[in-house]
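Since the structure comes first, as structure tokens, the remarks are kept for the end.
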Amino acid sequence: MGGKNMNRKAMTLANISNGLLFTHDGVCFFSSTHGHHMGLGYFRMDAMPWDAVIHLMRGGDITIIDATRKNKPLSDALRYGVPTWAMVYNRAIRIRSEKVCDWQTREMISVASSNKHRKLIRSYRKLAKYFKPERPAVIGENIKVVCYPNFQLDDQMEEIGQRV
Numbered sequence: 006m007g008g009k010n011m012n013r014k015a016m017t018l019a020n021i022s023n024g025l026l027f028t029h030d031g032v033c034f035f036s037s038t039h040g041h042h043m044g045l046g047y048f049r050m051d052a053m054p055w056d057a058v059i060h061l062m063r064g065g066d067i068t069i070i071d072a073t074r075k076n077k078p079l080s081d082a083l084r085y086g087v088p089t090w091a092m093v094y095n096r097a098i099r100i101r102s103e104k105v106c107d108w109q110t111r112e113m114i115s116v117a118s119s120n121k122h123r124k125l126i127r128s129y130r131k132l133a134k135y136f137k138p139e140r141p142a143v144i145g146e147n148i149k150v151v152c153y154p155n156f157q158l159d160d161q162m163e164e165i166g167q168r169v
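Numbering (the numbering used here), first residue to last: 6 to 169.
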């Protein structure tokens, strides 16, 4: 109970909905719709589950799995939502200078630095007082993103539901 988790095992999260067909420990929701719109903050406030945030704060790694219909390396949710979330997380734990990924943009930095996610930052800071995170969230280090391109069931919820 409590304390640091010395087990650095990765927690694997399936991004709703396309990631659900792949092996996972939990579910997150980085919407491609939010990934297209800076005005929406690039991710939903409830995108990352609390147990995953705590796992990261305890020094664990997170892998987020998604898929896209197109032949591209990352879905828009993974390309925009996850890096912006990582910047907000880093802001909450007061490590802002860290670059979270190679494709980080000024727009993502602007959104992560704005007041749009203020309530989420407050919540993460409460958790940080207890868990004392020591490392920032960085894609390719403690956050991995995996995307399967050319996914034929892209957002076909009924078909995905039958196969899960």
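Here a beta-carbon is modelled for each residue, glycine too, at the ideal position from N, C-alpha and C.
Small disclaimer: the values here were computed from a predicted structure and weren't measured.
Which listed residue (the options) has its alpha carbon closest to that of residue i
| i | options | result |
| --- | --- | --- |
| isoleucine 144 | Tyr85, Ile59, Asp56 | Tyr85 |
| methionine 53 | Tyr135, Tyr153, Arg140, Leu125 | Leu125 |
| lysine 149 | Leu61, Phe136, Arg74 | Leu61 |
| proline 141 | Lys77, Asp66, Asn155, Pro154 | Asp66 |
| glycine 31 | Phe48, Asp51, Ile69 | Ile69 |
Distance, residue j Cα to residue i Cα
| i | j | result |
| --- | --- | --- |
| proline 138 | threonine 89 | 18 Å |
| tyrosine 94 | arginine 101 | 9 Å |
| aspartate 107 | asparagine 23 | 24 Å |
| arginine 127 | aspartate 81 | 26 Å |
| lysine 14 | serine 118 | 30 Å |
| methionine 113 | methionine 50 | 15 Å |
| valine 151 | tyrosine 135 | 30 Å |
| arginine 111 | arginine 96 | 15 Å |
Local Cβ density within 10 Å of residue i, reported as buried at 16 or more and exposed below that
| i | result |
| --- | --- |
| threonine 28 | exposed |
| threonine 17 | buried |
| serine 115 | exposed |
| lysine 131 | exposed |
| tyrosine 129 | buried |
Distance cut-off 6 Å: residue i Cβ against heavy atoms of the ligand ADP
| i | result |
| --- | --- |
| threonine 89 | As presented, the structure is devoid of all ligands, the ligand ADP included, so that no description of it is given. |
C-beta atoms of residue i and residue j nearer than 7 Å
| i | j | result |
| --- | --- | --- |
| aspartate 71 | asparagine 20 | yes |
| phenylalanine 34 | valine 87 | no |
| lysine 104 | proline 154 | no |
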